[in-house]
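Undergrad: Residue numbering for the sequence shown follows my numbering, starting at -14 and increasing by one per position. Idealized CB from N, CA, C, for every residue including glycine.
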Amino acid sequence: MKKIIIFIIFFVSACANPAPNFSPKGSNLPDGVVWQDYLAEIEITNAVLFKKNIDVDISPIDSGLKWKPEVNTLKRGGREREEEDYHHIIISGKPKKIGEILIHIHGYSMGTSTPGSQIDKTYMIRIINYEDGIIYR
């Protein structure tokens, strides 16, 4: 009887609906510099994600940054195919002006372990101007 109770406890806890995890933690991504290449990566775990159930908004729209999922090349039987991985979001580009850029990731997860979990995370990137050793914000 004790084994059955322990099994039920583990089974129920495995089916719980945990929230997706984001890395980096917190709400800030690394600072960027005006007109210099910017690259940051965001990883989402504990969620099943596809193109149709996640979106990323960058504001202001004309910030100079864009997003894309990581692309992996899979090889099997002499064939190659590319697969987009929405668990790894890449933010890149050249920021156009000093200020703050907001990255809003939203949608929902799919699958049996976390069905319908809401995804809602906002990051902030501070864009600075760095000239002759002086930082302008």
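#1: Pull up the CB-CB distance for I27 and I112, whole angstroms please, since I reckon it's below 8 Å.
#2: Please classify F7: is it buried, with 16 or more other beta-carbons within 10 angstroms of its beta-carbon, or exposed?
#3: Alpha carbons only, please: which of D47, Y115 and I88 is nearest the one belonging to M109?
#4: May I ask you to report which of helix, strand or coil DSSP gives K82?
#5: Could you give the distance in angstroms between the alpha-carbon of I76 and the alpha-carbon of A4?
#6: Out of P45, W52, S12 and S102, point me to the one whose CA is closest to Y71's CA.
#7: What does the alpha-carbon distance come out to for the pair N38 and Q103?
#8: Distance, Cα to Cα, E116 vs S48?
TA: Here's the rundown:
#1: The Cβ separation is near 17 Å, so there is no contact.
#2: buried
#3: I88
#4: coil
#5: 23 Å
#6: W52
#7: 10 Å
#8: 20 Å
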